[in-house]
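To start, the structure itself, in structure tokens.
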Amino acid sequence: VHDIKWWHTATVYQVYPRSFCDSDGDGIGDIPGITSRLDYLQQLGIDIIWLSPIYQSPMDDNGYDISDYRGVAPEFGTLEDFDRLVSKARARGIGIILDLVVNHTSDEHPWFLQSRQSTDNPFRDFYIWRKPADNGGPPNDLQSSFGGPAWTLDPTTGEYYLHLFSRRQPDLNWENPKVRAEIYAMMNWWLDRGIAGFRMDVIDYIGKQVDRQVVTDGPHLHDYLQEMNASTFGDRDILTVGETWSATPGSALLYSGRDRKELSMVFQFEHVTQQWDAVFGKWRPKPFDLAGLKEVFGKWQLALANDGWNALFWGNHDLPRAVSRYGDAVGYHSQSAKMLATVLHLLKGTPFVYQGEEIGMTNMPFTSINQYRDIETLNMYRLQMEAGLSPEEFIRGANESGRDNARTPMQWSAAPHGGFSSGTPWIEVNPNYLNVNAETAMTNEASIWNHYRKLIALRKAHPVVVYGHYQPWLEQHPDVYVYTRTLDEVRLIVVASFKPVEIRLKMPRELIARGDCLIWNYDPIVSIEAELVLRPYEAIGLLTG
Ligand code: TEU
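Residue numbers (UniProt numbering): 10 to 554.
In structure tokens form, the structure reads like this:
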């Protein structure tokens, strides 16, 4: 049913450059640092590195605020460093995909510096300006994701500009064809340097119609993506993945359907938001709900069974650490991290591993607001204090859900600062680096790291992992996730417990079978009987004929 694509068997690894590896001791990760770790990534077996932004930026939002799309931030290195990374990675069969942040720029981008000068500046319409409302306030109620109004009054011309993120991230005006042409030219400039694709930041926003307060899924969104495809990567064999918090199975088929000429795949976030509070969102997570999670994954597996393609992930640089959120980072650290990896990597789609996930890095136990660095967290702190929350309550929420959980430095070894830097890291290293680090993990056959390595290799060895048809079992069970993947005569049975105690499970008659255990986190189980006893967080993948 699917045309065969190279990225169907690929696994992507996300690098957050600021926190990955610091080669020069300034406390900030950099591109030569990434290059120095290519052997590590090759051994893990990944095919693609997604680099979070490396461009010139005042770093108001750690690079998601770009002031020069064709320049590299000096703290990350030079364009030569980048070209060297691309070629050294390619020599190992690894492609580099860049983060395309084109919903907005930095307020220091030359386009915005021009745009704000006068209402008749040639760059005025590169951004979204509106006159004040009658009372002098913002033109409408659109809110910024980082808290507060999405409009800021610029005194020079007395008009408001739109910023759906920080006020230092003005939104580009995609309705202006000159903006689109500039972006496509920039994309081609990077494609010509040999990159393997793009991850597209909040790409579901670019069709926005602000006067109607429409942000996602605007009427021209898919026209723009088709135009982008035709003007840039359409005839190149690359991977594109859109970040689309608004995606539904229906819209995902528009983005990634085989005849749509838009993107390879999109990130959907229903399994993330499904765990959030209806009013307070992620700042007040609900108790973990496995049945709900299975329902979301199942819905997406089936919706994209014959067309479109899933992007599979537990974490990224905006989300808490998977093992802390969905597993048990304390009592069953290794077993639950491996279980989560098993469940995700044996689904249909392209898996994304967020740096440090492969060694089971955990959330960060900060105790003071001064330790956080993330603009979203710091803004929310200010707003929540005004609203009457106590600092302790806020810190509890931030330590469960805040973005800095994912941004503490990669833990390479038991050396000072986890081997991340010889200087003082820009954000503190998680104190558990003495036990949780890559060096220790690589020498231990039973480590989380080796489990990821096996899963990544299974996708390459077994077509059933790539193309097998998904079917859920025991859907209402609150503690176990059971599914099968079937391709021709071959069936893969996946059984995983999300519970920290032993479970006795009545297995459906259809699943009673003998086979080869492809992956396990205790011992291989070669037969499923009518009753299966699962140890805490036990997971297996059994291949049956
Ligand atoms: O994230 C989009 C986004 O909506 C997030 O801000 C999200 O709402 C939040 O982190 C989760 O609660 C993308 C990038 O991934 C993020 O790092 C950037 O800050 C943001 O866009 C702006 O570019």
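Virtual Cβ for every residue (Gly too), placed ideally from N, Cα, C. These figures come from a predicted structure and were not determined experimentally.
Check: How would you write the range of the alpha helix (DSSP H) that W199 sits in, first residue to last?
Finding: What you label residue 199 is simply residue 190 of the sequence shown in a count that begins at 1. Looking at the DSSP string, the run of the alpha helix (DSSP H) that includes W199 is 186-200.
Check: Per DSSP, which one or two residues make a beta bridge with C526?
Finding: Along the sequence shown, read from residue 1 onward, the residue named residue 526 stands at position 517. C526 pairs with L551.
Checklist line | Contact test: W254 Cβ vs the ligand TEU heavy atom, cutoff 7 Å | finding: Here residue 254 refers to the residue found at position 245 of the sequence shown. Checking every heavy atom of the ligand TEU against the Cβ of W254, one is found closer than 7 Å.
Next item on the list: Taking only the alpha-carbon atoms, compute the straight-line gap between A314 and S343 and give it to the nearest angstrom.
Entry: On the sequence shown, position 305 is the one that residue 314 refers to. On the sequence shown, position 334 is the one that residue 343 refers to. Their Cα atoms are separated by approximately 31 Å.
Next item on the list: Could you spell out the range, first to last residue, of the beta strand (DSSP E) harbouring V503?
Entry: For the purposes of this step, residue 503 is taken as the residue at position 494 of the sequence shown. That run of the beta strand (DSSP E) goes 499-506.
Note to self: Looking only at its chain, what residues have a beta carbon closer than 7 Å to the beta carbon of W199, apart from the 5 residues adjacent to it on each side?
What the structure shows: For the purposes of this step, residue 199 is taken as residue 190 along the sequence shown, with counting starting at 1. Once the five neighbours on either side are set aside, the close Cβ partners of W199 are L107.
Notebook entry, point to check: What's the gap between the Cα of D90 and the Cα of L392?
Noted result: For the purposes of this step, residue 90 is identified with residue 81 of the sequence shown, where counting begins at 1. For the purposes of this step, residue 392 is identified with residue 383 of the sequence shown, where counting begins at 1. Computed Cα separation, rounded: 40 Å.
Notebook entry, point to check: What separation, rounded to the nearest whole angstrom, lies between the Cα atoms of residue 6 and G72?
Noted result: Because the chain is modelled from 10 through 554, residue 6 falls outside the range shown and cannot be assessed.
Checklist line | Whole-angstrom distance between P533 and N319, CA atom to CA atom | finding: On the sequence shown, position 310 is the one that residue 319 refers to. On the sequence shown, position 524 is the one that residue 533 refers to. N319 and P533: Cα-Cα distance of roughly 29 Å.
Notebook entry, point to check: What is the residue span of the beta strand (DSSP E) that M237 lies within?
Noted result: For the purposes of this step, residue 237 is taken as the residue at position 228 of the sequence shown. Run containing M237: none in the beta strand (DSSP E); it sits in the alpha helix (DSSP H), 230-240.
Notebook entry, point to check: What are the residues that DSSP puts in a beta bridge with H113?
Noted result: As a working mapping, residue 113 is identified with position 104 in the sequence shown. DSSP, once it has assigned bridges, lists D180 as partnering H113.
Notebook entry, point to check: Closest by CA to L398, which one among D129, A98, F289?
Noted result: Translated into positions along the sequence shown, residue 398 becomes position 389. Among D129, A98, F289, the Cα nearest to that of L398 is on F289.
Next item on the list: Could you check what DSSP says for V17 in three-state terms: helix, strand or coil?
Entry: Residue mapping note: residue 17 aligns to position 8 of the sequence shown, counting from 1. The identity of residue 17 in the sequence shown is His, whereas the question assumes Val. In the structure shown, H17 sits in a helix (DSSP, three-state: H, G or I).
Next item on the list: Work out the CA separation of T165 and Y214 for me, nearest whole Å.
Entry: Residue numbering aside, residue 214 sits at position 205 when the sequence shown is read from its first letter. Residue numbering aside, residue 165 sits at position 156 when the sequence shown is read from its first letter. One C-alpha to the other measures close to 27 Å.
Check: According to the Cβ coordinates, are A239 and K270 closer than 8 Å?
Finding: As a first step, residue 239 must be located in the sequence shown, where it is residue number 230. As a first step, residue 270 must be located in the sequence shown, where it is residue number 261. The answer is yes: Cβ separation under 8 Å.
Note to self: Tell me the residue span of the beta strand (DSSP E) that contains H478.
What the structure shows: Looking up residue 478 in the sequence shown gives position 469. Taken as a continuous stretch (DSSP letters only), the beta strand (DSSP E) holding H478 covers 478-482.
Note to self: Tell me whether the segment 20-33 and the segment 47-61 touch, counting them as touching only if at least three CB pairs, one residue from each stretch, are closer than 8 Å.
What the structure shows: yes
Note to self: Looking at the ligand TEU, does it come within less than 7 Å of V211, judged from the CB to the closest heavy atom?
What the structure shows: For the purposes of this step, residue 211 is taken as the residue at position 202 of the sequence shown. Yes, since a heavy atom of the ligand TEU falls inside the 7 Å radius drawn around the Cβ of V211.
Item checked: Residue environment, I13, which counts as buried when at least 16 other CB atoms sit within 10 Å -> For this step, residue 13 is matched to residue 4 along the sequence shown. Exposed, because fewer than 16 other Cβ atoms sit within 10 Å of the Cβ of I13.
Next item on the list: Rounded to whole angstroms, what's the CA-CA distance from A450 to V110? Just pull it up for me.
Entry: As a first step, residue 450 is located in the sequence shown; it is residue number 441 there, counting from the start. As a first step, residue 110 is located in the sequence shown; it is residue number 101 there, counting from the start. Roughly 34 Å between the two C-alpha positions.
Notebook entry, point to check: Under the three-state reduction of DSSP, which class applies to K515: helix, strand or coil?
Noted result: Your numbering for residue 515 matches position 506 in the sequence shown. K515 falls in the strand class under three-state DSSP.
Item checked: Close Cβ partners of G104 (< 6 Å) along its chain, the five nearest in sequence each way excluded -> Here residue 104 refers to the residue found at position 95 when the sequence shown is read from its first residue. The residues are I57, A205.
Item checked: Whole-angstrom C-beta distance between P487 and A415, which should lie under 8 Å -> Here residue 415 is taken as the residue at index 406 of the sequence shown, counted from 1. Here residue 487 is taken as the residue at index 478 of the sequence shown, counted from 1. About 28 Å separates the Cβ atoms of A415 and P487, ruling out a contact at the 8 Å cut-off.
Check: For R189 versus S115, is the C-beta distance shorter than 8 Å?
Finding: Start at 1 with the first residue of the sequence shown, and residue 189 comes out as number 180. Start at 1 with the first residue of the sequence shown, and residue 115 comes out as number 106. It is not a contact, given that the beta carbons lie outside the stated cut-off.
Next item on the list: Run the proximity test for Y78: is its beta-carbon closer than 7 Å to any non-hydrogen atom belonging to the ligand TEU?
Entry: Within the sequence shown, the letter at position 69 stands for residue 78. False, no ligand heavy atom lies under 7 Å from that Cβ.
Check: Nearest to A98 by CA position, among K515, W59, P131, A82, is which residue?
Finding: Along the sequence shown, read from residue 1 onward, the residue named residue 98 stands at position 89. Among K515, W59, P131, A82, the Cα nearest to that of A98 is on W59.
Checklist line | 4 or more residues per run - each alpha helix (DSSP H) lying fully within the segment 270-298 | finding: 279-282
Next item on the list: Please check the pair N325 and M373, which I expect to be a contact at CB under 8 Å, by giving their CB distance rounded to whole angstroms.
Entry: The sequence position of residue 325 within the sequence shown is 316, counting from 1. The sequence position of residue 373 within the sequence shown is 364, counting from 1. About 16 Å; that fails the 8 Å criterion.
Item checked: First through last residue of the alpha helix (DSSP H) which encompasses A314 -> Against the sequence shown, residue 314 aligns to sequence position 305. For A314, there is no enclosing alpha helix (DSSP H), since its DSSP letter is neither H nor E.
Next item on the list: Might you give, ordered along the chain, the residues of its own chain that have their beta carbon closer than 6 Å to the beta carbon of M362, omitting 5 neighbours on each side?
Entry: The residue given as residue 362 occupies position 353 in the sequence shown. For the record, residue 362 in the displayed sequence is Val; it is not Met. Taken in chain order, the residues that qualify are Y22.
Next item on the list: Would you kindly check if the distance between the Cβ of E511 and the Cβ of N530 is under 8 Å?
Entry: For the purposes of this step, residue 530 is taken as the residue at position 521 of the sequence shown. For the purposes of this step, residue 511 is taken as the residue at position 502 of the sequence shown. No, these two residues do not count as a Cβ contact at 8 Å.
Next item on the list: Let me know the secondary structure DSSP gives residue 564 once reduced to three states.
Entry: What the structure shows of the chain is the stretch from 10 to 554, and residue 564 is not part of that stretch, so it cannot be assessed.
Margin query: Is the beta carbon of A338 closer than 8 Å to that of L349?
Written below: What you label residue 349 is simply residue 340 of the sequence shown in a count that begins at 1. What you label residue 338 is simply residue 329 of the sequence shown in a count that begins at 1. No, the pair does not count as a contact, with Cβ atoms beyond the cut-off.
Checklist line | Cβ neighbour criterion (16 or more within 10 Å) applied to W120 | finding: Counting from 1 along the sequence shown, the entry for residue 120 is found at position 111. By the neighbour-count criterion, in which a residue is buried when 16 or more other Cβ atoms sit within 10 angstroms of its Cβ, W120 is buried.
Notebook entry, point to check: Does the ligand TEU have a heavy atom nearer than 7 Å to the CB of F174?
Noted result: Taking the first residue of the sequence shown as 1, we reach residue 174 at position 165. Within 7 Å of the C-beta of F174 there is at least one heavy atom belonging to the ligand TEU.
Margin query: Does the segment 30-39 come into contact with the segment 371-388, if we say contact requires no fewer than three beta-carbon pairs (one atom in each stretch) closer than 8 Å?
Written below: no
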